[in-house]
Amino acid sequence: MIELKTAAQIEAMRAAGRVVAAVHAEVRAQAAPGVSLAELDELARKVIDGAGAGSSFLGYHPRFGATPYPGVICTSVNEVMLHGLPTSYRLRDGDLLSVDCGAHVDGWHADGAVSFVVGTASVADAALIETAERTLAAGIAAAQPGGHMGDIGHAMSAVGRGAGYGMQNDFGGHGIGRAMHEEPFVPNEGRAGRGLDLRPGLVIAIEPSLLAGGRDGYHMADDGWSLVTNDGSRSVHVEHTVAITDDGPRILTLP
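Adding 30 to a residue's 1-based position in the sequence shown gives its number in the numbering used here.
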């Protein structure tokens, strides 16, 4: 069942979104060569705890996960597309890092992801990240009241596919609110004018991931969580929680 949120409920989710944004800002500031993913996760825990919030990720156990999730952020490095575990791996100059975070305040969740290069960025990685951010922006812009779910995926695939990158739809966006994952599923590709009607009060996480090699294939790593590109090419993941309002889309995971 899809639950449309009231203005007051959207404001409650905005509070959680600010916590997510604060985690992203602090992790980005501290991520440097020699810093471990586990240290970044501990930093994120302190930000969440300091805000009086809770983690949406810690202990989460979907069907595809080998174990309950052990961290408060996903830290996906280089060829890891999604759900990278915050391990003892120490970052190196030039690593492409995607950080996904979910937080809840007073029972309301928000979810977002950012991607950036640690240290010196290659031209290819900079272009990949810039395109992913434009892909997400296009999807958000298409999340208009009176539109359709397919409009979002169509807008995103026009940017991502148009730039020659791979995309995948097995793991896309989702409804969000009282739980981190709610109906509906938000595909990364779609047909304009088709799919669920977009109505004010619908809150969704929009989260495209692009694969630099141009192919869509990926596989589960031995850790039972990390999704890795089949061709070993780098991947990038970006995400915002977005409320559809009478005035258009409102991003809830900004600072």
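We treat Cβ as the ideally placed atom computed from N, Cα and C, and that holds for glycine.
Endpoints, beta strand (DSSP E) assigned at residue i
i, result
"S145", "W138 to V147"
"M250", "Y248 to M250"
"M111", "V110 to L112"
"R280", "G278 to I281"
"I130", "Reading off the sequence, residue 130 comes out as Asp, not Ile. Counting along the chain, the beta strand (DSSP E) containing D130 begins and ends at L126 to V135."
"V272", "H270 to T275"
"I32", "Unbroken run through I32: none, as it is neither H nor E."
"H267", "S265 to H267"
"H211", "Note, H211: premise wrong, no beta strand (DSSP E); not H, not E."
"H54", "Per DSSP, H54 belongs to no beta strand (DSSP E); it is in the alpha helix (DSSP H), A37 to Q60."
"H91", "From DSSP, H91 is part of no beta strand (DSSP E); its letter is neither H nor E."
"V258", "L257 to T259"
"I103", "I103 to V107"
"G225", "Where G225 is concerned, there is no enclosing beta strand (DSSP E), given that its DSSP letter is neither H nor E."
"G203", "G203 to G205"
Contacting residues, own chain, Cβ-Cβ under 7 Å from residue i (five flanking each side not counted)
i, result
"G137", "R208"
"L67", "T105, P116, T117 and Y119"
"F94", "none"
"P63", "L121, R122, D123, V148 and G149"
Nearest residue (CA-CA) to residue i, options the options
i, options, result
"H204", "G262, G132, E72 and Y119", "G132"
"I170", "T283, F94 and S128", "T283"
"L226", "F87, P214 and N218", "P214"
"G202", "G194, G180 and D79", "G180"
"A154", "L112, A193, M186 and H178", "A193"
"E314", "H249, V144 and M111", "The first residue shown for the chain is 31 and the last is 285, placing residue 314 beyond what the model contains."
"H91", "S265, V268, W255 and P279", "W255"
"G220", "Q198, G89 and M210", "Q198"
"S152", "M250, G142, D123 and I281", "D123"
"G196", "P63, A156 and P238", "P238"
"L34", "I206, M210 and I281", "I206"
"L158", "H54, V268 and P279", "V268"
"S85", "A37, A38, D125 and M210", "M210"
Whole-angstrom C-beta distance between residue j and residue i, which should lie under 8 Å
i, j, result
"I236", "I182", "6 Å"
"L112", "Y99", "Actually they are not in contact, since the Cβ atoms of L112 and Y99 sit about 12 Å apart, beyond 8 Å."
"V77", "A42", "Wrong, their Cβ atoms sit about 19 Å apart, outside the cutoff."
C-beta atoms of residue i and residue j nearer than 7 Å
i, j, result
"A45", "V135", "yes"
"G47", "A172", "no"
"A83", "V49", "yes"
"V266", "L232", "no"
"E109", "R264", "yes"
"G190", "T150", "no"
"L257", "G177", "no"
"A251", "I40", "no"
"H270", "G101", "no"
Proximal residues to residue i (C-beta, below 8 Å), its chain only, five neighbours per side dropped
i, result
"D276", "P175 and P230"
"L70", "V57, Q60, A61, I103, T105, P116 and V129"
"L127", "A61, T105, S106, V107, L121, S145, F146, V147 and V148"
"P279", "I170, A171, A173, Q174, V272 and A273"
"G114", "L67, C104, T105, S106, V107, S128, W255 and S256"
Residue span of the alpha helix (DSSP H) that contains residue i, given as start and end
i, result
"L67", "L67 to G80"
"S187", "M179 to G190"
"E237", "First-last for E237: undefined, no H or E at that position."
"T161", "V153 to A171"
Nonlocal neighbours in the same chain, by C-beta distance under 6 Å from residue i, ignoring five residues either side
i, result
"A185", "A168, G169 and A172"
"D261", "G243 and R245"
"S187", "E219"
"G223", "H178"
"G247", "N260"
Interface flag, residue i vs chain C, CB-CB below 7 Å
i, result
"H204", "Annotation note: the requested chain C is absent from the structure, which comprises a single protein chain."
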